[in-house]
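Since the structure comes first, as structure tokens, the remarks are kept for the end.
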Amino acid sequence: MNAEFVNPFLQALQNVMSMMAQTELKPGKPQLKKDDVARGDVSGIIGMVGPQIKGSFSISFEENLACEIMNKMLGEMPDSVDDEVCDMVGEITNMVTGGAKKTLGEKGYEFDMATPIVVSGKDHTISHRSEGPKIIMPFSHIAGKAYIEICFDKIG
């Protein structure tokens, strides 16, 4: 997996969290992911297709962190992952992918984004629709962990 594809997503996540939720997430070490089980309690996933690449991006938040981000963004502290938290995760997924799309577009990689899908619950699964390797990157915060997953097939 090329860092040229991964880094724009990492940077976009940091930008979105900092600007929208005044939250700094500390990046961990990227690894290959072999299963489909989400590491968080609520996940947004979005597909991307373009002439050179197709793939998907997901972000998963542990429940406490998702609720804390909701509190920072909207001034409401939910008790658990509810519909509003799921909507927020979908919006964050969209904003991060949009930020990465802009950066990748400047490097000549164009793609269209699908509408994000949000899944929640303990041990839910994330199905990436491409055959490439799945990279998972953990992020930590005092309120909990977040995980991004990136999976791309390079076409041509």
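Just remember that our numbering sits 11 ahead of the position in the sequence shown, which is counted from 1. Think of the CB as a built atom: it goes at the ideal place given N, C-alpha and C, for glycine as much as any other residue. None of the values given here were measured: they were computed from a predicted structure.
In terms of Cβ geometry, M124 and L21 do not form a close pair [threshold 8 Å]. Taking C-beta atoms under 8 Å as the contact rule, E73 and K156 qualify, at a distance of about 5 Å. Note that the C-beta distance between I159 and I70 is below 8 Å.
Boundaries of the beta strand (DSSP E) around P149: 145-152. It is roughly 19 Å from the alpha-carbon of N18 to the alpha-carbon of T34.
A buried status is given to P127, since no fewer than 16 other beta-carbon atoms sit within 10 Å of its beta-carbon.
M31 and V130 have their C-alpha atoms roughly 22 Å apart.
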